[in-house]
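Notes follow once the structure below has been shown.
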Amino acid sequence: MVKFAYYPGNVARAASIEVEDCIQPLCSSLGIELIEIPKATSDGGNVISQASPILQHTLVARNMALAENMNLDILTTCASSHGIHCETIGAMKDDVNLRSKINSTLVEVSGVEYSGESNSKHLLHVLVEEIGLEKIKSLVKNPLDMNVAGYYGPNMQKEGACSEDNVFSPTYLEQLISALGGKPVNYDLKCQSVGAPSLLTNQSSSLRMTAAVLSDAKENGAQMMVSACTLSHSNLDTYQVKARRITGKDTSMPVIHLAEMVAFALGHHKDRFALLKTRVMIIGS
Amino acid sequence: MSKPVLILFGTQSGNSEDLASQLAKSATSHNLVPTVVDMEAATVEQMASSERILIICSTWGEGEQPDAAEALWDSISAEGAPRMENTHFSVCALGDTSYEFFCQSGKDWDLKLEELGAKRVFDRQDCDVDFDDTYAAWANGALPAISAIGESVVADVLDESAEEVIPPTSDDSTSGELDEIMVDGDRKLVILFGSQSGNSEDLAFRAKSKASEFGLNAEVIDMEGFDLGLLSETSRLLIICSTWGEGDMPDSAEALWEIASSDKKPKLTKTHFSVCALGDTSYEFFCQSGKDWDNVIEEMGGIRVYDRADCDVDFDTTFEKWIIPTLAGLASVDGSGTFHPELVPLFISLVDGKGKKTSTEDLDTPVISRAAIQITFKIFRYNPVLIENGWDTFECKMPGHFSILDALDTIKSEIDPTLSFRRNGPLSGVIVNGAVVRADRTRLLDLINLCGDVLKVEPLPGYQVVKDLVISTKNYDEHRIRSKPWMIPATRSAVTTASGINIGMMDMSQATELHVLGDIDSPQLLHSFSDTLPYDSEYIGPALVMHSWKRINDERYSEKARNSRIDFLQNDGGAWSESDSSVFGRHGDYGKTISNSFNECRSELIRIKGFSGKHGRLVKWYGLSVKWSGKVNETTLYRQVLGPLGLVSNLFSGVSMRMMLGFTRTGAKPFRSIFSLLAPPAGIGKIPPMINSKVEAHHEVVNLFNKLDKRF
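Those sequence lines, one after another, are chains Y and X. Just so you know, we're using the working numbering here: the first sequence kicks off at 1 and counts up by one. Just so you know, we're using the working numbering here: the second sequence kicks off at 286 and counts up by one.
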């Protein structure tokens, strides 16, 4: 059994509750034990840093320190959160003064400090590198059997955050889709941002970016999209109709989260998978 | 230097006029500026004042002039017609051998001009009714001949030595002269550039690099802030200047040009110079800035060592042709400022590899062979005529140390000559498998290690594509102008040096910080780092945001201008238009630095402007909701950032409905908690609840906020 401290991100327990429904069953199937970090807070979502970079770094470092006290690495399902964690970890490694300032605040406020031993890991990287595609393949009960476009987003596609995958031309999602019995769809914009942090403030450009990603995947034959980012997932799913209206592009496609896709293929939530397959037949083709 | 040529035609049936038009088109490629005039409209005075004349004239009836040429012929044949000693000419005569007086009119013009003292530069060509080949032979000879009139000193020297075989220089006396001049006192060369998009700057550094081969000690200087008076003691000068808008100087050259074109301009009688003008033939005032500099330096007494090069957007070939003879000319100016024409061909042969090594040490380095690697290139193609795009695949074997540019050059020369791309400088940037790289600086091997052996090459995003990988920076340049990037200095206290010169002082840490902010290899490439740009035409892009941010941090910048920069970045199209600054992090440490600077810029805007506007409200309420519960409350964010109108808009655009009906897509329960019944629609489907439960030890979160940022 592999153990991780579980960090759900900012929206998995709010607007993207389906992620929360799937993560525990899929982890139990794969021998992953997720342990809650009770005092963990939001990571600031790269929004708080726009007013106070040090405040966001300290929020993240506190979560990391709490995981470190549990002698565990953090596992998250959200690419944005993982990217934010890696930024803080990198900044504290590079800048001794910053590390010292953050840790002295943490000691004073929470009685913890972050030494840099615990790391952040994204579910995708854990599945491919630690669990292994062969093991996952052997556990598949309901093969996907459809054309699936993987969406990485920009947050975990940078050095230090993409693990052993390629920064510019990642393939982990495609490998995983194949292992789950689906046909991976290659398309240019799989790492392009959909402007999730600015959805409420720069909605026009954010929706144009969303429409571009969805229509590019669709033009390349995707019947469904799977997102490695919970935050971007909201843009791609909830706002796809508005994105279509603004751009006139064909954006209609079921979009699910990585945790849902793996859980469905491993035989969990059969009713939801049936619903998804029906939606793919109606709007994904 | 452009050379005007008067093309006169006398026509009866239209043939001479057609040929005159053709001739004018061909003339431009010989650096000539043609004026085509019907003999009916021409005057003898106009002819006498022209240094170069080409005549195409048909014969009519029994050896008569065409009707349209009669009056001009009468004038030039009259007594008292002006002498034409300064005129150079050639004649193409059209006629019909079946007539007795074949080509008589043309013959008459040829003799008459000679009589008046004009110099024939190429023999008359008599053309029969089937005149295509004979006309072409004449044009091919007459145009270069007339273009050579009044060449610069170096061109003259080169013409004279064109037929000579350059002797080997290993042991003869000329070798000694070269060695002597190359160690003879002042070898300084000033390279002044005026740049808008970076091309001139890039060429200036290329010129500097080349200059060292001629034993010149070159210094590259931006026209911005340059003191023109310093040139009066300069014996060697290169000017590389682009043209902007309707024949205007680049912004950085404006101030210098004002002085150069005023009465305050210094005398440059010791200065040997040449000009490389950058422009775009699709604009009316092609290379106008360079032409202006060329003329004004001559007016100031400068000695032109080589004719100006007028470069179009694809400037490499023209620049390469210009730079060698120009540097050879400037290198032939000795330490006392005397030009030695006999050394010009020797310098050229030296650099061409025909001469000897100037080093006294004879070091032999082995030839290193490298195994070629099999690479597949998928290259984006765009045909602007058919408005079609697509991808071409090239299977190649190339050495790993080749740059992307070497690879593109090889493909163009060996496989597909129609492939277009920029060769050097900041604009050589392309996207390879998602990575923004400079084609002239990135090795294939590094890319293969990064991306695998299939390299997908695309033009930079955020720009309009002109053809294949060539982009237009028009939008970027317009945004740059809009961002008013120039330095507006503040009045500052200064210290006085021992020699009595006042200089400003800056704290070392601030100077370092400013240097880091401005340490941008290519603003055009940084512009392409943004994923937002292709979707927001108003957004000025990260490079220009960073430029303004650097100005704001520069204590030499005036307070008024700083406030104006802050307003500019706060407004639409400014720093808040970047939808996702985390994308910069893709580009390694450099991207991380940009990402951090971008964040600092936004923090400063919030500090100065408060939590105003949608962006400010988002930051404020995001922070507050985390402080209140430890978690983000999306419902609060929607309500506070979008406001009532935004919420109504979401209702009508289907967003709210899609959120409420989220359970129909995910299969989850429609109602999540009691909150969905108490305060609907929050809590229904994918709409988050109105109120978050608090995280454990919530007081720690509150303390943390209070300690680090009391604004929340």
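We treat Cβ as the ideally placed atom computed from N, Cα and C, and that holds for glycine.
Counting only residues of its own chain and dropping the five nearest sequence neighbours on each side, V414 (chain X) has a CB closer than 6 angstroms to the CB of D381.
At a C-beta separation below 7 angstroms, G45 (chain Y) has these neighbours in chain X: Y907 and V917. Taking the Cα of I177 (chain Y) as reference, the smallest distance to any Cα among Y:E164, Y:P197, Y:K190 and Y:N147 is reached at Y:N147. Comparing alpha-carbon positions, the option among X:I292, X:I756 and X:P746 lying closest to I716 (chain X) turns out to be X:P746. A distance below 6 angstroms between beta-carbons, with the five flanking residues on each side excluded, links A503 (chain X) to the following residues of its chain, in chain order: L474, I476, K493 and A496. Annotation: W607 (chain X) has no Cβ neighbours in chain Y at a cutoff of 7 angstroms; minimum Cβ distance is about 39 angstroms. In the DSSP assignment, Y667 (chain X) falls within the unbroken beta strand (DSSP E) covering A657 to N668.
With respect to E18 (chain Y), E219 (chain Y) sits apart: the two C-beta atoms are not nearer than 7 angstroms. Taking F490 (chain X) as the centre and dropping the five residues before and after it, the same chain places the C-beta of V505 closer than 8 angstroms to its C-beta, in chain order.
In the DSSP annotation of this structure, the continuous segment of the alpha helix (DSSP H) that includes E20 (chain Y) starts and ends at I17 to L30. Under the three-state reduction of DSSP output, H82 (chain Y) falls in the helix class. DSSP lists Y:V185 and Y:M225 as the bridge partner or partners of A149 (chain Y).
Distance from the CA atom of T251 (chain Y) to the CA atom of P25 (chain Y), rounded to whole angstroms, is 30 angstroms.
Rounded to whole angstroms, the separation of the alpha carbons of G479 (chain X) and E531 (chain X) is 16 angstroms. Cβ-Cβ distances below 7 angstroms link H315 (chain X) to L428, P429 and S432 in the same chain, with the five nearest sequence neighbours on each side left out; the list follows chain order. P38 (chain Y) reaches chain X at E981, counting residues in chain order whose Cβ is nearer than 7 angstroms. One finds K916 and V917 in chain X with Cβ atoms closer than 8 angstroms to the Cβ of N10 (chain Y), taken in chain order. The C-beta of L989 (chain X) comes closer than 7 angstroms to at least one C-beta of chain Y.
When DSSP states are grouped into helix, strand and coil, A40 (chain Y) belongs to the coil group. Of all C-beta pairs linking the stretch 901-914 of chain X to the stretch 43-59 of chain Y, three or more are shorter than 8 angstroms, placing the two stretches in contact. About 15 angstroms separates the beta carbons of S306 (chain X) and V318 (chain X), which is beyond the 8 angstroms limit, so they are not a contact pair. Residue range N787 to G789 is occupied by the beta strand (DSSP E) that includes G789 (chain X). Taking 7 angstroms as the CB threshold, V280 (chain Y) stays off the interface with chain X.
The C-alpha of K992 (chain X) is placed about 25 angstroms away from the C-alpha of I976 (chain X). When secondary structure is reduced to three states using DSSP, W771 (chain X) falls in the coil class, being assigned neither helix nor strand. Counting only Cβ-Cβ distances below 8 angstroms, M831 (chain X) has no contacts in chain Y at all, with the closest Cβ about 16 angstroms away. Counting only residues of its own chain and dropping the five nearest sequence neighbours on each side, R666 (chain X) has a CB closer than 6 angstroms to the CB of G675, D677 and D753. Chain-order list of chain X residues neighbouring K158 (chain Y): G870 and R871, by C-beta distance under 7 angstroms.
When the five nearest sequence neighbours on each side are left out, no beta carbon in the same chain lies closer than 6 angstroms to the beta carbon of S362 (chain X).
Taking a cut-off of 8 angstroms on C-beta distances, the stretch 728-742 of chain X does not touch the stretch 800-817 of chain X, as fewer than three cross pairs fall below it. For E518 (chain X), same chain residues with a beta-carbon under 8 angstroms away, outside a window of 5 residues either side, are K555 in chain order.
D359 (chain X) counts as exposed, since fewer than 16 other beta carbons sit within 10 angstroms of its beta carbon. The three-state secondary structure of R723 (chain X), taken from DSSP, is strand.
Put simply, of X:G614, X:W578 and X:S822 the residue whose alpha carbon is nearest the alpha carbon of P630 (chain X) is X:G614. Assignment of N502 (chain X) by DSSP, reduced to helix, strand and coil, places it in the strand class.
For Q175 (chain Y), the uninterrupted alpha helix (DSSP H) segment begins and ends at Y172 to A179.
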